[in-house]
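What follows is a short report on a single structure.
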Amino acid sequence: MRSTMTGTAGTYRFTLLAGAAAFALATPAMAQDQEPEAGAEESSNVIIVTASKREQTLQETPISVSVTSGEVLEQAQIRDVLDLQTVTPSLRVSQLQSASATTFIIRGFGNGDNNFGIEPSVGVFIDGVFRSRSAAALSDLNMVSRIEVLNGPQSTLFGKNASAGVISVVTKEPQYEFGGQVEASYGNYNAFVLRGEVTGPISDNIAWSLDGSYNRRDGYANIVNLGEDLSDRNRWSARGQLLIEPTPDLKIRAIADYAAIDEVCCQVSTLVAGPTAPAIFAVGGALDTNFFSYNTFLSQAPSNTVDNYGGSIQADWSTGPLTVTSITAYRELKNFLDQDVDFTSADVVTETRDQKVNTFTQELRLTSDFDGPINFLLGGFYFDESITQDSTLTTGADARTFFALLGGSPTLFNGVEAALGLPQGSIFSAGPLTAEQFAMDNTAWSVFGTVDFEPVDGLVLTGGFNYTDDKKDFSLAQQSFDELANINLVDAFIRLATGGAVTNRTQFQALPTANQQALIAAATNPATNPLIGLSPFQFQPPFLSIPNSVEPGRTADDKFTYLLRAAYQVSNEVNIYASYATGFKASSVNLSRDSRPVFGDYIPGPGRSFFAAPASPITNAGLAVPNLGTGSRFAAPENAEVYELGMKAQWDGFGFNLALFDQTIKGFQSFLFTGTGFQLNNAGQQSVKGFELDATIRPSDNLVFTFAMTHLDPKFDSFTQSPVGDLTGRRPGGIPGWSIATSATHTLELGDNKLVTRLDYAHESNVNINNGLPTFNRALGNTRIFEREVNLVNASTIFQMGNGLELGLWARNLLDDQYIITVFDGVAQAGTVSGYPSQPRTYGGLVRFKF
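So the sequence shown is residues 884 to 1734, counted in the working numbering.
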């Protein structure tokens, strides 16, 4: 059965909603065509969703869920998840420094774009299969039936890390009637897109389908000094499916897919040229301070390749009122990038990163469809993943001179090398700066379920639970090749000041306390120790490998989460619900060169001195390396809870959905760039209050208006150790107060032909992009915070002929709105601010043939 209902109220409610479902009320989305159900008018378009892991009509699903149909994806020319946010105001998607670095954010919560040790707080599922990293969810949206965006924690229904929400992509099943479509589109920047799908029968109970896409576009930005395009598109995907139904009660769906990306991405612009800019110019480098010129200067063109492939088998077996579903999947993800990370044409530093992720998942669930007052869902989920990453930083030919100029003299390091007994020319010599090797294995299992109880017609009480057990084993190692970074400047002064009498911690600790204090006071005073001024150049110090005798390199988490909900049919037109839900996301691991022991495992001395370091487990074990600091190897789990009130209403010609919520995540895993590295830690608590409203007005059969709006009022209830200081009580940056997505779609009937015209508008209110930059804003006392406001207009018109041929025109960002996506501290350039500009206007035409 397509929907699960109980009692006479279920049948009555379904008849009402099916007859009214010409309205797509979850978001500005047109209804998805479905075969009429029993009791439904034949002309009805019923939206079926699986947000609750059961097939239900959208209107009877008591969850705040936004649905975008495949028809809207075609009309609005939404090709990938980056464009999806223009029709889903509670969702924000941002692509940053590479084609694979994408963050999904729902209701202001989201992370995990630049570190494979951090799983996203927003879970992405494609045909029921969890895509554990955003890079594995970036294929072009082809052959899509619908996309459901579930707002708020969903841990009681999804087996892995959905503390902020879920994006569920549902593709089309193979059909027993031969058919398909092919589409070609051409636009500015030589954008060429070719995609198609074909399906048909093999036998009476076996059907197949194939689909694929090719997406190529020149870059809309320009690397001036190299004469090359930047921010291009070059990706393709292919997928094959088999649908096997040996008996009326058994359905097996097998899917295999492959997607590849090979792009030069992404445009970084200079917003503020800081005091380091003259040194860039002095070594022959250049940068462009016109943020929206889409011109940049780099020492090399960035390269980013992604290979993402795998397969799944879903089996559904019905026996009477019970259905057993099994989804087995295996996936591999390979991500490689090589880029200039100082974002100037000076040859200062480049980074390579080679990452691999292998994932096996198994879901098994039992669903009931009884006629009585009780129904249930019981499921289990198993997850096994391995991650490896090899990374390097390489010092360029201009690095030594550039850094020496920042220190005030082009020969600065010659004198330092002489004083410290280092070979001449060794500091910041061209070649390897660091090499890193990271690995992590993650196994998790969960048991989840819901029970629906309908004591009286129209009232459904639901209880849900999830128990998750998550374990991670990780190992990290780094080699730091910079000679200066391997010397602690406080300890080096003590060696010199004592004439070599003190050369290690034991000798220093044996000195009288007064002598120790005097030496440390002199060693940390720039007036007496000129070496202290060199500490900013030690931004890639040695690394303490893990596991070691103090740090086991393991996390183990388990959590019971639950859901309580009451849904009531107030009248034939109105349904309401109230719910309380909790969510969970397991610990995340800082798989980066900035992973450092937690304070307590190691306690550094003043100026990261090892000589003066007090006793600690790492010191006592003899594990300390020069310039060892403290930070976070991992972030503790996130725990979410949300109170929600909702209403779903439908009248002739008008309908709306409304959800009011109060959502909190304790221990939100914050991962922020600090100028030379990344800091991972837990915000004590972050909360957001707000509402989501969407409505559809249909003045006539040929005209549909949609309006969706999200209002968010977020706050850091507690965040004392952010990179920019205590943010407790502050509003988190980057979360707009108001987000709006609205559209108008008009269909002009011309005999057997149709002219479908659609106009979209997406708005995000003015907002501080962040809470300040750790380097730039700290120096200014957080007095200059950059802002962003978004106003996007998209349009399309498609002439649909009765013979299946379609001709269309489309434009995205029609008015060429310009805004800053985000900003960050210039890499190793204190006082410089870099950022990502929005994509300019794109437009084109298309030809589509459906058969």
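Every residue, glycine too, gets a C-beta built ideally from N, C-alpha and C.
query	result
Cβ-based neighbour list, residue 1017, same chain, cut-off 8 Å, excluding 5 preceding and 5 following	983, 984, 985, 986, 987, 995, 996, 1003, 1007
Closer than 6 Å: residue 1027 CB and nearest the ligand ATP heavy atom	Ligands are entirely absent from the displayed structure, and the ligand ATP is therefore not among its contents.
Extent of the continuous beta strand (DSSP E) run through residue 1480	No beta strand (DSSP E) contains residue 1480, which DSSP labels as neither H nor E.
Residues sharing a beta bridge with residue 1205, DSSP	1202, 1251
Member of 1653, 1663, 1593 whose CA lies at the smallest distance from the CA of residue 969	1593
Rounded separation between residue 907 and residue 1579 - CA only	Note that residue 907 scores 35 on pLDDT, short of 50, meaning its location in the model is unreliable; the coordinates nonetheless yield the value given after this. Rounded to the nearest angstrom, the two C-alpha atoms are 7 Å apart.
C-beta atoms of residue 1101 and residue 1122 nearer than 7 Å	no
When 1494, 1508, 1475, 1126 are compared against residue 1092, the one with the closest alpha-carbon	1126
Whole-angstrom distance between residue 1546 and residue 1257, CA atom to CA atom	29 Å
Endpoints, the alpha helix (DSSP H) within which residue 1285 is located	1282-1289
C-alpha distance - residue 1737 paired with residue 1384, whole-angstrom precision	Because the chain spans 884 through 1734 in this model, residue 1737 falls outside it and cannot be assessed.
Continuous beta strand (DSSP E) stretch holding residue 1650: start and end	1636-1651
Contiguous beta strand (DSSP E) assignments of at least 3 residues, all confined to the region 1321-1375	1342-1363
Start-to-end residues for the beta strand (DSSP E) that takes in residue 1681	1670-1683
Sequence-distant residues of the same chain with beta carbon closer than 8 Å to residue 1726, five excluded per side	1070, 1071, 1692, 1693, 1694, 1695, 1697
Per-residue DSSP class, three states only, for residue 955	helix
Nearest to residue 1437 (by Cα), restricted to the options 1657, 1396, 1473, 1655	1473
Euclidean distance between Cα positions of residue 1426 and residue 1541	51 Å
Reference residue 1554; option with closest CA among 1080, 1216, 1607	1607
Simplified DSSP assignment, three categories, for residue 1295	helix
Nearest-angstrom Cα separation, counted from residue 1194 out to residue 1347	30 Å
Strand pairing of residue 1232, partner residues [DSSP]	1278
Boundaries (first-last residue) of the alpha helix (DSSP H) holding residue 966	964-967
The region 1458-1468 touching the region 1392-1401, judged by at least three CB pairs closer than 8 Å	no
Identity of the residue in 1501, 1563, 1530 nearest residue 1518 by Cα	1563
Contacting residues, own chain, Cβ-Cβ under 6 Å from residue 1716 (five flanking each side not counted)	1154, 1155, 1659, 1706
Pair within 7 Å by beta-carbon distance, residue 1323 and residue 1355	yes
CB of residue 1343 within 7 Å of CB of residue 1461, strictly	no
Residues sharing a beta bridge with residue 1078, DSSP	1066, 1096
Proximal residues to residue 990 (C-beta, below 8 Å), its chain only, five neighbours per side dropped	973, 1034, 1035, 1047, 1048, 1544, 1546, 1571, 1573, 1593, 1595
Neighbourhood of residue 1728 by C-beta distance below 8 Å, restricted to the same chain and skipping five residues each side	1068, 1069, 1070, 1690, 1691, 1692, 1693
Pairwise C-alpha distance: residue 1701 and residue 851	Outside the displayed range of the chain (884 to 1734) lies residue 851, so it cannot be described from this structure.
Assumed close pair residue 1232, residue 1276 - CB separation to whole angstroms, cut-off 8 Å	6 Å
Close beta carbons around residue 1631, own chain, < 6 Å, minus the five adjacent residues each side	1638
Residue 1000 versus 1576, 1710, 1520, residue with shortest Cα-Cα distance	1520
Inter-stretch contact (C-beta, 8 Å, three-pair minimum) for the region 1229-1248 and the region 1200-1217	yes
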